[in-house]
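Chemist: Chains as they are written, first to last, in numbering that gives the first Met the number 0: chain A, 0 to 273; chain B, 0 to 398; chain C, 0 to 69; chain D, 0 to 197. Even glycine gets a Cβ: it sits at the ideal position worked out from N, Cα and C.
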Amino acid sequence: MLKYLKEEGPLGPRLPLIFCPGCGSGQVLNYTLHAVDKLIEEDEVRRENFLFISGIGCSGRITSHYLNFDSAWTIHGRALAVATGALLANPAFKIVVFTGDGDTGSIGGNHFIHACRRNIDVTILCLNNGLYGMTGGQHAPTTPLGAITTTTPYSNREEAFDLCKLAEIAGAPYVARWTTAHPQQVIKSIMKGLRKKGTALIEILSQCPVHEKMSPVTLLKGFRTKTIHVNKAKESTVGKTFIGEFCDLDKREWNESYQEIIDQFLRTNDKIDE
Amino acid sequence: MAKKIGAHDGENRTHDSYFLKPGRYYLQGNQACIEGALMAGCRVYAGYPITPAVETMEYASQRFPQVGGRFIQMEDEIASACALIGSSWGGVKALTATSGPGFSLMQETISIAVMSETPMVIIDIQRAGPGQGYITASQQDVMQARWGHHGGGPIIALAPSSVQEMFDLTIEAFNLSEQWRTPVLVMVEETVGHMREPLVIPPRDAIEVIERKKPQDLGIPPQDYLPWGHGVVAPMANWGDGYNVNFVALVHLEDGNIARYSPQANYHCVERLQNKIEGNVDEISRIETKFLEGCKHLIICYGAVSRTAMEAVIEAHEGNGLELGYIRLVTLWPFPEEKMRKIVGNVDTIFVPEMNLGMMRHPITEALRDRCKKVVSIPSFGILHSPEYILSRIQEETS
Amino acid sequence: MNKLWIDERYCKGCLICIDVCPTKALAASQEINSKGYILPVEKDMKRCKSCGLCEVMCPDFAIAIEEVEG
Amino acid sequence: MNLQGSSKRGYRVKKDERFEIRIAGFGGQGIVTIGRILGEALSIYEGKNSVNTQSYGPESRGGACRSEVVISDGEIHYPNVRKADLFIALSQVALDTYIADLREGGILLFDPDSVKNVPDRDKYRVYEVPTMEIAHDIGGVKFQNSVALGALCPLIDHMIKESSLRQAISRNVPPKTVETNMNAFERGMNYGEEDRGT
Chain A
0 MLKYLKEEGP LGPRLPLIFC PGCGSGQVLN YTLHAVDKLI EEDEVRRENF
50 LFISGIGCSG RITSHYLNFD SAWTIHGRAL AVATGALLAN PAFKIVVFTG
100 DGDTGSIGGN HFIHACRRNI DVTILCLNNG LYGMTGGQHA PTTPLGAITT
150 TTPYSNREEA FDLCKLAEIA GAPYVARWTT AHPQQVIKSI MKGLRKKGTA
200 LIEILSQCPV HEKMSPVTLL KGFRTKTIHV NKAKESTVGK TFIGEFCDLD
250 KREWNESYQE IIDQFLRTND KIDE
Chain B
0 MAKKIGAHDG ENRTHDSYFL KPGRYYLQGN QACIEGALMA GCRVYAGYPI
50 TPAVETMEYA SQRFPQVGGR FIQMEDEIAS ACALIGSSWG GVKALTATSG
100 PGFSLMQETI SIAVMSETPM VIIDIQRAGP GQGYITASQQ DVMQARWGHH
150 GGGPIIALAP SSVQEMFDLT IEAFNLSEQW RTPVLVMVEE TVGHMREPLV
200 IPPRDAIEVI ERKKPQDLGI PPQDYLPWGH GVVAPMANWG DGYNVNFVAL
250 VHLEDGNIAR YSPQANYHCV ERLQNKIEGN VDEISRIETK FLEGCKHLII
300 CYGAVSRTAM EAVIEAHEGN GLELGYIRLV TLWPFPEEKM RKIVGNVDTI
350 FVPEMNLGMM RHPITEALRD RCKKVVSIPS FGILHSPEYI LSRIQEETS
Chain C
0 MNKLWIDERY CKGCLICIDV CPTKALAASQ EINSKGYILP VEKDMKRCKS
50 CGLCEVMCPD FAIAIEEVEG
Chain D
0 MNLQGSSKRG YRVKKDERFE IRIAGFGGQG IVTIGRILGE ALSIYEGKNS
50 VNTQSYGPES RGGACRSEVV ISDGEIHYPN VRKADLFIAL SQVALDTYIA
100 DLREGGILLF DPDSVKNVPD RDKYRVYEVP TMEIAHDIGG VKFQNSVALG
150 ALCPLIDHMI KESSLRQAIS RNVPPKTVET NMNAFERGMN YGEEDRGT
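1) Among C:V40, C:S33 and C:N32, whose alpha-carbon lies nearest the alpha-carbon of C:N1?
2) Pull up the distance between the alpha-carbon of B:K92 and that of A:Y65, whole angstroms please.
3) Can you find at least 3 beta carbon pairs, one from the stretch 305-322 of chain B and one from the stretch 70-86 of chain D, that sit closer than 8 Å?
4) Can you list the residues of chain A that B:P129 reaches, using a CB-CB cut of under 7 Å?
5) Rounding to the nearest angstrom, what Cα-Cα distance links B:L198 and C:G51 in this structure?
6) What residues of chain B sit near D:E39, judged by a beta carbon separation below 7 Å?
7) Could you pull the DSSP bridge partners for B:S376 from this structure?
8) Identify whether A:L28 lies in helix, strand or coil by the three-state DSSP scheme.
9) Please report the distance separating the alpha-carbon of B:L328 from that of B:F173.
10) If we define contact as Cβ-Cβ less than 7 Å, is D:V92 a contact residue for chain C?
11) Taking only three categories from DSSP, how would you classify C:P39?
12) Determine whether the beta carbon atoms of A:T98 and A:C125 lie at a separation below 7 Å.
13) Could you compute how far the alpha carbon of B:T13 sits from the alpha carbon of B:P64?
14) D:L85 bridges to which residues according to DSSP?
15) Which one or two residues does DSSP pair with B:L291 in a beta bridge?
16) Listed in chain order, which residues of the stretch 4-23 of chain A have Cβ atoms closer than 8 Å to some Cβ of chain C?
17) At least one CB of chain A closer than 7 Å to the CB of B:D15: is that the case?
18) Who are the Cβ neighbours of B:L212 in its own chain at under 6 Å, not counting the five residues just before and after it?
19) State whether the stretch 84-101 of chain B contacts the stretch 182-191 of chain A, with contact taken as three or more CB pairs (one from each stretch) at a distance under 8 Å.
20) Closer than 7 Å, CB to CB, is B:I313 near chain D or not?
21) Measuring CA to CA, which of A:L28, A:I123, A:L219 and A:I39 is closest to A:A175?
22) Here's a check: name, in chain order, each residue in its chain whose Cβ is nearer than 8 Å to the Cβ of D:A23, leaving out the five neighbours to either side.
23) Quick one: list the residues of chain A neighbouring C:D43, beta-carbon separation under 8 Å, in chain order.
24) Grab the span of the beta strand (DSSP E) containing B:G46 for me, first residue to last.
25) Looking at the secondary structure, which residues open and close the alpha helix (DSSP H) in which B:R69 lies?
26) Mind checking if A:Q26 is an interface residue toward chain C, Cβ cutoff 7 Å exclusive?
27) Any beta-carbon of chain D closer than 7 Å to the one on A:T216?
28) Let me see if you follow: with CB-CB separation under 7 Å, is D:S163 close to chain A or not?
29) Helix, strand or coil for B:T307, going by three-state DSSP, please let me know.
30) Say whether the stretch 99-118 of chain A touches the stretch 153-166 of chain A, bearing in mind that this needs 3 or more beta-carbon pairs closer than 8 Å, one atom from each stretch.
31) Could you check where the beta strand (DSSP E) with B:E188 kicks off and where it finishes?
32) Taking the alpha-carbon of A:I55 as reference, which of B:A78, B:G132 and B:V120 has the nearest alpha-carbon?
33) Identify whether C:D59 lies in helix, strand or coil by the three-state DSSP scheme.
34) Which term fits D:H157, buried or exposed, when burial requires 16 or more other beta carbons within 10 angstroms of its beta carbon?
35) Tell me the rounded alpha-carbon separation between B:L175 and B:P214.
36) Inspect the beta-carbon positions of B:N355 and B:G192 and report whether they are closer than 7 Å.
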């Protein structure tokens, strides 16, 4: 997938990625490029149609200067607002938004639920590491109850969001959750999101070895043991996080619907202008 | 670690036992301002993580509950500033700290706080901008501090230049905000925010702490109470005091009535706010001066740059005896124009070193244009000036 | 027998590739490189089935398997 | 500010003596912790005035990272290093970047495993201590800072007692790791007891 990365820039190398050793962000970029590579091959999507937009935080850094694609590294929590604008300019864009649990669940919460409600054509990859990595391990709206972080030294007393339920209720037609330890499922979901017209939320549990103070390998093993596929979730599933596809509907995408308004001015026989 | 610093020493655990004992400590600027806030009676911190201000939050999350206060990490900076309005009107002194991008998000709320005369303190640990910029130091928000909030209402802004001043000026910020019923901004550079230096903590009872005047203390019963009346600085009834306070930020008359709008009411309302702060600039503002008497040239600076300026001034005097005067603005806003004009004689050149492209040089030039041949700005980008850089610019301009 | 290729400029020694390799064809090296990282090395490349999981799951695009016949 | 020197205006001004230390390497080596512990040890246990500043990129691992301590008996105005008296380099990039700021005859301490070449090393008093290797030996790179502090201790014992450093270390590391950090400190201090380098 190095062909999709700018190894060298005019002023020198752009790699290695800025992420800490074993960070999930690099893996999600890897999986995304695998999905995009397949779409270019199988669906003959032109490269110029892809647009990668990210907010601020470790996940935000994915678009900062590595990609051989159009991209935007925007403001903390506002990537979806920028994506909405891009779709108004060109509804054909295939947009992937890289965001984090703080970027989307905290400062970007309002833009997140409105994007889902409007059903704009965007594939949201929300890397959920349950904390703020870039600024040093503060708690996030997804931090589990009781967790100790640099801003909850005496244990976190706030319940965590379930971003997938939030997206579903807000109206997103495609909602799925995987982890960085499920590469093939993540790649398939990203392809599905990009093929489907409308808002696709793919929450990806992603490890932060530095602030969780555990090795990447241990954390990835944890993702396998502490999750259970929603379809298999019959026996005791207490304490396990559900993964899988939570909803997969067909809903008219915002631009599809708005296009009718635009097109009505082309139909001559209707008496719109009186 | 803070837990060790704040730990009480043996006697029964009361919230007061967690205050730092008088003595010499070694804290980071971002931590010293939190100790200052607690000493000033602040008991609510609402903030959002942003480099380079995040240490204030982490330290606040450890220290506030120890002394019976509350810390919360809000969903963003707008929410944090709004929480300060709620806490302040709820009767508790409130604090947040942020950096450039967050400071921009808070401007609407600061404007509401100016109009509603809400005491609160916002610390801006400035980083290089504009935009995402970088996480190193700058002084690029000092004009936004004055003109960033819509409507042009006045504001108080202080500029600490050491860890000790991060402690002292945060206390002063709370006192000014309570005394003049206004938001007070503490404009810091990342340099001072992240710097560690010895900090002397005085005995608590030796620290002057000002509380807002309350109608109850002045014998004004609810039925006679004018939320924005009774004097230049109106006594402030809080929610829960039984005064049925209707907080508004619309143009209002002293009784808070927003129904009888008129241009005169608007003018009166804004003019009163302006006079409250700008009209008392000499009492509110503070500057520090050295080597002024008979100086040929003059450096005017503020914040972290004053550390470099003082090093350069000493070297200048030690070396070739260049007569270089030194003024440090401890208060940026309200700008102490009259005070400056009283103490500055006629000089050849005024140098204004700033970690931006030249911002405070404008009010300085306006105030002292007729006292010098020229005002020379010495800019820097995302890094503290070195003494060599300032001295070389001075040699160029004056040789 | 396939050959392991590691780009020492990009690899940060997270060793995820060793863990996810289904046939345990890789192992951690004994020395620390100048950046203080421990890199993956070949353990038994006869086991390598060219599944590509190490390549897909590498956070730093620093690993590849060169398929060699025989 | 003690006004001792003299100038035409009769302001008798003399600058206060400064001793400047710079520590540099990459994120994750405990560079900032070394600076903080040194500053605290000097200011709290030795009663000196010391300013500790730091500068690093957004990366919490891997990026360039620098920490400085300026020490004086009098006031410290300019907080950063102007001409370092002592420079600890824990990576080649760090050494290349900052070697020019080390004054001639200054002390240079570096880790030979990561710093391979030192241009005109005879201009400085050079000490080589494999801090990364010792740290790995003891329990991991996060103990590298205590190894470095140990290696540093005999070089500045005219300013700071070993006990002050030990106290500052124990106060600034997670309680569970104090013992290992002390072990790392000793290993650094006693490294190559026989040949302390040129």
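Modeler: In short:
1) Among C:V40, C:S33 and C:N32, the Cα nearest to that of C:N1 belongs to C:V40.
2) Distance from the CA atom of B:K92 to the CA atom of A:Y65, rounded to whole angstroms, is 46 Å.
3) Output reads yes: the stretch 70-86 of chain D touches the stretch 305-322 of chain B.
4) Neighbours of B:P129 across chain A, judged by C-beta separation under 7 Å, do not exist; the nearest C-beta is about 12 Å away.
5) Taking the straight line joining both Cα atoms gives about 57 Å.
6) Result: Y25.
7) The secondary-structure analysis by DSSP pairs B:S376 across a beta bridge with B:V351.
8) Of the three classes helix, strand and coil, the one that applies to A:L28 here is helix, per DSSP.
9) Rounded to the nearest angstrom, the two C-alpha atoms are 19 Å apart.
10) Judged by the 7 Å Cβ criterion, D:V92 is not in contact with chain C.
11) C:P39: strand per DSSP, three-state reduction.
12) Cβ atoms of A:T98 and A:C125: closer than 7 Å.
13) A direct Cα-to-Cα measurement between B:T13 and B:P64 gives close to 12 Å.
14) Answer by DSSP bridge pairing, in chain order: D:I20 and D:I106.
15) Its beta-bridge partners do not exist; DSSP assigns none.
16) Hits within the stretch, in order: L4, P12, L14, P15, L16, F18, C19, P20, G21, C22 and G23.
17) So no, B:D15 is outside the interface.
18) Before going further, note that residue 212 of chain B is Lys rather than Leu in the sequence given. The answer, listed in chain order, is P234.
19) Segments in contact, no.
20) At least one chain D Cβ lies under 7 Å of B:I313.
21) Nearest in C-alpha terms to A:A175, of all of A:L28, A:I123, A:L219 and A:I39, is A:I123.
22) Here the set comprises I30, A63, C64, R65, S66, F86, I87, A88, L89, S90, A93, L94, T96 and Y97.
23) By Cβ distance, chain A contributes nothing, its closest Cβ being about 19 Å from C:D43, past 8 Å.
24) For B:G46, the uninterrupted beta strand (DSSP E) segment begins and ends at C41 to G46.
25) Counting along the chain, B:R69 falls outside any alpha helix (DSSP H), though it belongs to the beta strand (DSSP E) covering R69 to Q72.
26) It does; some Cβ of chain C falls within 7 Å.
27) The sequence shown places Val at residue 216 of chain A, not Thr. Not one beta carbon of chain D lies nearer than 7 Å to the beta carbon of A:V216.
28) D:S163 does not count as touching chain A.
29) Helix at B:T307.
30) The stretch 99-118 of chain A vs the stretch 153-166 of chain A: in contact.
31) Unbroken beta strand (DSSP E) run through B:E188: P182 to E188.
32) Measuring from the Cα of A:I55, the nearest candidate turns out to be B:G132.
33) If DSSP states are grouped into helix, strand and coil, C:D59 belongs with coil.
34) Exposed, by the Cβ-count rule.
35) C-alpha separation (whole angstroms): 19 Å.
36) Between B:N355 and B:G192, the gap from beta carbon to beta carbon reaches 7 Å or more.
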